[in-house]
Amino acid sequence: MEFLQNYLVLLVLGICLATGYIIKHSLDFIPNKYIPLIMGLLGVFLNVWLNYWTFNPEILLGGLVSGLASTGAFEMGRNLINKEE
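So the sequence shown is numbered by my numbering: it starts at 69 and just counts up by one.
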């Protein structure tokens, strides 16, 4: 899992984290099970955009890792907050 840290794009992770939060708390018609899929696709789109519309396997992996890491970061934060209460 450590090799995936090389592909993490913090800007994409932050945008996906904020977008996922908005989807989870504001758009009730989207089931929670689809949020990781949406974040993965959004992460790929953002990473391709940030790399001047070039596409290769490294950009694909970077977008997927960053988008899916945003859902993991949200869950980790939620669990830490609930643990303290």
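We put the CB at the ideal spot given by N, CA and C, even for glycine.
In the three-state scheme derived from DSSP, where H, G and I count as helix and E and B as strand, PHE113 is classed as helix. Distance between LEU129 and GLY145, taken at the CA atoms: about 24 Å.
Per the coordinates, the alpha-carbon of ASN115 lies some 7 Å from the alpha-carbon of VAL80. Annotation: LEU136 to LYS151 spans about 23 Å, alpha carbon to alpha carbon. The Cβ atoms of LEU76 and ALA141 do not sit closer than 8 Å to each other. When DSSP states are grouped into helix, strand and coil, ILE83 belongs to the helix group.
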